Each structure stands twice: as structure tokens, then as C-alpha cells.
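Using numbering that gives the first Met the number 0, read the sequence shown as starting at 0 and increasing by one per residue. We put the beta carbon where it would ideally sit given N, CA and C, even for glycine. From a predicted model like this one, the values you see are computed outputs, not experimental measurements.
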Amino acid sequence: MTPARGASAVASPAPALWVLIVAALLLLMLAAAVVGLLVQRVRRHRHDVEAAALAERLRRDAHHDPLTGLRNREGFLHAVTGAGGAVAVVDLSLLDQVNDTLGHARGEVFVRLATERLVDVRLPSLTGRELVAARLEGDTFAVHIPGVDGHDAHRAGEELRERLLAPYVVEGVRFEPPVVVGIAADGPWLADVPAGPERTAALLRRADVALAATRDGVEAVRCYEPSMGERAARRLRLIRGFSAAVGRRDVRVDFQPVVSLGERTVVGVEALARWDHPELGLLLPDEFVPVLEATGQIAELTTFVLDESLAAARRWLDRGMRLSVAVNVSVGNLGTPGFPEEVATLLAAHRVPAELLTLELTESGVSSEREIALPVMRRLHALGCHLAVDDFGTGQSSLAHLRRLPVDQVKIDKSFVLGMGTEYGDVAVVRAIVEMGHTLGLTVVAEGVEQAAVRATLAEMGCDVAQGYLVSRPLPARCFDSWLESLEAHPDEPGAAPGPRTLIA
Ligand code: C2E
Ligand code: CA
Ligand code: CA
Numbered sequence: 000m001t002p003a004r005g006a007s008a009v010a011s012p013a014p015a016l017w018v019l020i021v022a023a024l025l026l027l028m029l030a031a032a033v034v035g036l037l038v039q040r041v042r043r044h045r046h047d048v049e050a051a052a053l054a055e056r057l058r059r060d061a062h063h064d065p066l067t068g069l070r071n072r073e074g075f076l077h078a079v080t081g082a083g084g085a086v087a088v089v090d091l092s093l094l095d096q097v098n099d100t101l102g103h104a105r106g107e108v109f110v111r112l113a114t115e116r117l118v119d120v121r122l123p124s125l126t127g128r129e130l131v132a133a134r135l136e137g138d139t140f141a142v143h144i145p146g147v148d149g150h151d152a153h154r155a156g157e158e159l160r161e162r163l164l165a166p167y168v169v170e171g172v173r174f175e176p177p178v179v180v181g182i183a184a185d186g187p188w189l190a191d192v193p194a195g196p197e198r199t200a201a202l203l204r205r206a207d208v209a210l211a212a213t214r215d216g217v218e219a220v221r222c223y224e225p226s227m228g229e230r231a232a233r234r235l236r237l238i239r240g241f242s243a244a245v246g247r248r249d250v251r252v253d254f255q256p257v258v259s260l261g262e263r264t265v266v267g268v269e270a271l272a273r274w275d276h277p278e279l280g281l282l283l284p285d286e287f288v289p290v291l292e293a294t295g296q297i298a299e300l301t302t303f304v305l306d307e308s309l310a311a312a313r314r315w316l317d318r319g320m321r322l323s324v325a326v327n328v329s330v331g332n333l334g335t336p337g338f339p340e341e342v343a344t345l346l347a348a349h350r351v352p353a354e355l356l357t358l359e360l361t362e363s364g365v366s367s368e369r370e371i372a373l374p375v376m377r378r379l380h381a382l383g384c385h386l387a388v389d390d391f392g393t394g395q396s397s398l399a400h401l402r403r404l405p406v407d408q409v410k411i412d413k414s415f416v417l418g419m420g421t422e423y424g425d426v427a428v429v430r431a432i433v434e435m436g437h438t439l440g441l442t443v444v445a446e447g448v449e450q451a452a453v454r455a456t457l458a459e460m461g462c463d464v465a466q467g468y469l470v471s472r473p474l475p476a477r478c479f480d481s482w483l484e485s486l487e488a489h490p491d492e493p494g495a496a497p498g499p500r501t502l503i504a
């Protein structure tokens, strides 16, 4: 038994040693835990740093335009928060042209060149004050002009425009942008809007409205006025309401007779669009046509007017009256693909011979978009339609220019005809156009004939056709038909009536 006790005494370490071993193990575990914790801390810290950098980059990306490095709209709203002053929206309106001429990559070069003129920009009238610029879209930029009121803001806008106006040379091609600037200055009228991005956004919206007001071509730099907002709101109503108005037949076509000066017979009509707006009252085309032209909705109006006019021409033919109808066409229509085909389809649908349709194009429209207009005019002419140059005398057309166009008629602008009663110069202009038109083999139409004496002078000059209040104002279809019937009943009645009308079908 003894050796066994002895052996056990040798094999097991003393209790103190056990304690030491356990303590060492515990220490080791503790150290491992501390190291683990530290590593975790370091990792988390690195992660936090990376995440912060990423967040910063994302924020930067969200606030900056990748092409130019300028701020974008969001970035602009945040950068000028509560800074007062004025906001300018600058539009160069050249990007499409550069893209079309040289391709998209060169368009980007042009945008970068414009950007260079906006980085760190300081204006002479704003000594030392730095402006914040942003790219809103395409070649439209926003600039914050600090510490100015309305008057100084306008001057700063002029200077900004000067800076951007100088020609841009891209790939050896010189471009001169038609720079326009709309400005809105902070002021008491924005007191309700809290300072911050919301206030800046309100300024931007108003600067946009002022920018739209430069489109009339009178002034290239405009400051916002509340009346502009009303006009813009009215425009927006017209844009949004047009299609429904056509559907409800609030839009209609009136007919104004056109009479031959020789035989004094009614030879045709001009179709003139009207919009009977339930709230705004009767709207005339001078208000809504430019709006529809700007949005592309003019195609819908022209289709409607063509359809109504050819339906009327058909009705008159069925009653034995061969009256031609003249429809006003915008340059935008000529740019719409398939326009000549549409005209051909409508002529066929109403069974109206093409030579009874005259399409009127303004002189300025034809000369500004020749590359687009000319081929389409040729195709329309080939269909057998007549083409007329409207408002002749107001644009840049020369005699040589008219000779190259496939036109049959020239309509002397009514401003000259109206002036014939009082201005000798206008009589001379009209006489010259009549002679020139005849030399080119064109039918000459005078519109705006209000006085019998003017009609007599036109007849004496040899002008072919007249249109004007003297004969009749434009009339709704049903009234026009009654007017025709009244002529038939009293063909020789003196006064406004032009005498018997052409009834040969
Ligand atoms: P426009 O083509 O020069 O049409 C003639 C305008 O002169 C018409 O004005 C007509 O009412 C007016 N007028 C006719 N005779 C006289 C007169 O003796 N004295 C005076 N002071 N004015 C006279 P309206 O109907 O207001 O049309 C204005 C313009 O709107 C038209 O000028 C035409 O350019 C455009 N327009 C009218 N309908 C359409 C349309 O369906 N499509 C397009 N694109 N434009 C249209
Ligand atoms: Ca016309
Ligand atoms: Ca005209």
C-alpha cells in the first residue's frame, strides 16, 4: 500500500502550482479577449472611416454634375441656402445645334467650355463677391448672385451674359450662342417661404419664368415680375387644356371669304382657328398658336383645321360651289414626319381635289428653316396643293429667294394694306409686290382690306385677290353659309358685299 501512496505523491503537482497554471491560462484568455476587442475596435473604426468617405462621395455625386464638376440642381439648392441675393438662370440654347452639327461628344466639349466661364466667376459690378454656379441641364446653368437687389441683379445678369456670349470654337467651328438670362431676386414677396433649399427652389422657379419671358426676343435679360407668373400660368392652362378642348369642340374653324378683284366673286376662304374657352372666353390664334408651336401641339391643331376645312370644301362642292380653302401651316408642321402623306390622306378622305387646298406659310418661317421647309414644300406641291407665302413684306425674303420656292401665291402683309389709306409709302410697297409677284407668275393676294378706296386702288394695280373686313370678318361655318346665301339672294347689293360669287363646280 505504501508504494502506491508514494507514487501518487510523486505524480500530482503541488496545489500552488495548479493555482499558477490556472491563473496563467486565465491571463492568456483575458489577453486574447483584449486583443480581439482591440482588433474589432480598429476594424470598426476603419469601417466607419470608409463608410464616411463613401457617404461623402455619394453626397458629392448626388450634388454634382459628372460632366462639368459643377453643382447640379440639388447641390445648388443646398449650397445657397439662406444666402439671400438673387438667382439667375442662364440658357445658351446652342447644345442641340452643336450636337446636330458635330455630334454628342463635341456637344460635351461645348458645355465644358461654357462651364470654364462660370467657374470662380467674379463680375465687375460685384467686386470680390464669389458666385456659385450650377448646371441644371443641357446648356442651362443657374448662378447665385449674392447681396444684390433687383436693379443690381439685372446689371449682374447683363455682365454674366456678356461673359457667356463670346463665340465658342469647337473643332474649328465657331458657334455664337443666343444667351438669355432670367433673374429672380429675394425679397419680401418670398417672406412666407422659409429660408433654405425651399426658398432657393422658389427663386429658381421664378427665374425660369423670367427666362421664358425672354423668348419674345425683345430683351435677353429679364427680372421676374409677378405678371409674368400669371402669363406663364395662362400658357400652362392652354398647353394642358388644348387636346381636351379639341375633343369638346371648344376649338373651331372660322372662314373668311377671299374675293377676286377682277370679277368680284368669292373664290375661296381662309380657315382661321378659334378657341372658345369656357373660363377665359374667346381666344384668338395670336395667343394660342405660338404656345402650341412651342410644345409641338401645333400638329394636332393643323390636323383639326385641315379636317374641318376639307369637310367644308366637300360640303360646298356638293352644293355646286367650287371654293378653295387656305389653311395656315407652321414651320413646325413641315418638320413633322409624314405631314405631306397626312395631307394626301385627308384630301382623299374628303374627296377634295388637291388644287382646292392652299397651304399658307409665313415668309419668316420659310426663310428661317429652309433645309427642313423646302423638301416638304416640294412634296406638298407635287401633290397638287397650292402654296402661299403669308405676311409677305415683313420678313427677309428677296425676289430671288421667292423664285427658288415652289409657291403659287404671295399674300401681302395686312400692315401694308391697312396703311394704304394713309401712307403713300405703303401704296408704293404694295404696288412693287404686285408687280414683282406677277413677274414671278404668282397670284397676289391683299389681306386686311377694310376700305372701298383701298379695294379700288388694289384693283387698279392689278392685284388678283382681296380679303378683309370690307368683304367680311371671319365667320363660323354656319354663318359663312348664310352669308353666301344672302349674296346669292342679292348679288348686286351695294356696300360690303363683293357681288356674285363663283358657283361653278
Ligand atoms: P394671318 O394668316 O395673317 O390671318 C389673317 C388675320 O388677319 C386673321 O387674324 C384675320 O382675322 C385678320 N384680318 C382679316 N381681315 C382683316 C382686316 O380687314 N383688318 C384687320 N385688322 N385684320 C384682318 P386671326 O384670325 O386673329 O389670325 C391671326 C393669325 O393666327 C393668322 O394670321 C395666322 O398666322 C394664325 N393662325 C390662324 N389660324 C391658324 C391655324 O389654324 N394654324 C396656324 N398655324 N396659324 C393660324
Ligand atoms: Ca394666313
Ligand atoms: Ca397674313
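To which residues of the same chain is residue i closer than 7 Å at the C-beta, ignoring the five residues directly before and after it?
i           : result
residue 6   : Low confidence applies here, because residue 6 scores a pLDDT of 47, under 50, leaving its location unreliable and the question unanswered by this model.
residue 425 : 415, 418, 419
residue 518 : The structure shown does not extend to residue 518, since the chain is modelled only from 0 to 504, so the question has no answer here.
Kindly indicate the opening and closing residues of the alpha helix (DSSP H) around residue i.
i           : result
residue 95  : 94–101
residue 40  : 14–62
residue 123 : Residue 123 -> no alpha helix (DSSP H), and no H or E assigned at all.
residue 414 : 413–418
residue 359 : Run containing residue 359: none in the alpha helix (DSSP H); it sits in the beta strand (DSSP E), 356–361.
residue 294 : 284–294
residue 331 : 330–334
residue 486 : 476–488
residue 377 : 369–382
residue 465 : Taken as a continuous stretch (DSSP letters only), residue 465 belongs to no alpha helix (DSSP H), being part of the beta strand (DSSP E) at 464–466.
residue 407 : That residue, residue 407, is in no alpha helix (DSSP H); it is neither H nor E in DSSP.
residue 311 : 297–317
Report whether the distance from the Cβ of residue i to the nearest heavy atom of ligand 3 is below 7 Å.
i           : result
residue 285 : no
residue 197 : no
residue 412 : yes
residue 446 : yes
Beta carbon of residue i: closer than 7 Å to some heavy atom of ligand 1?
i           : result
residue 126 : no
residue 466 : yes
residue 297 : yes
residue 451 : no
residue 420 : no
residue 374 : no
residue 272 : yes
residue 408 : no
residue 323 : no
residue 288 : yes
residue 473 : yes
residue 442 : no
residue 329 : yes
residue 365 : no
residue 250 : no
residue 357 : no
residue 266 : no
residue 456 : no
residue 333 : no
Can you give me the Cβ contacts of residue i inside the same chain, cut-off strictly under 8 Å, excluding the 5 residues immediately before and after it?
i           : result
residue 482 : 256, 471, 474
residue 437 : 443, 461
residue 244 : 250, 274, 276
residue 118 : 69, 132
Let's see if you can read the secondary structure: which residues bound the beta strand (DSSP E) around residue i?
i           : result
residue 323 : 323–327
residue 269 : 265–276
residue 85  : 85–90
residue 189 : Counting along the chain, residue 189 falls outside any beta strand (DSSP E), and DSSP gives it neither H nor E.
Here's a check: name, in chain order, each residue in its chain whose Cβ is nearer than 6 Å to the Cβ of residue i, leaving out the five neighbours to either side.
i           : result
residue 450 : 420
residue 267 : 257, 322, 323
residue 299 : none
residue 498 : Residue confidence for residue 498 is low, a pLDDT of 41 falling below 50, so the modelled location carries little weight; the figure read from the coordinates is stated next. 263, listed in sequence order.
residue 291 : 297, 300
residue 487 : none
residue 212 : 221, 227
residue 135 : 72, 141
residue 509 : The displayed coordinates of the chain run from 0 to 504. Any statement about residue 509 would go beyond what the structure contains.
residue 388 : 362, 406, 409
residue 79  : 131, 143, 199
**Request:** For the region 420–462, list the beta strand (DSSP E) runs that are entirely contained and at least 3 residues long, ordered along the chain.
**Result:** Runs of the beta strand (DSSP E) inside the region 420–462: 442–446.
**Prompt:** How would the residue list near ligand 2 read, in chain order, if you kept each one whose beta-carbon is closer than 6 Å to any heavy atom?
**Reply:** That gives 269, 327, 359, 389.
**Asked** Fully enclosed by the region 207–257, which alpha helix (DSSP H) runs are 4 residues long or longer?
**Response** Here the runs fully enclosed are 225–247.
**Item:** Unbroken stretches of the beta strand (DSSP E), 3 residues or longer, contained in the region 126–167
**Value:** 131–136, 139–144, all fully within the region 126–167.
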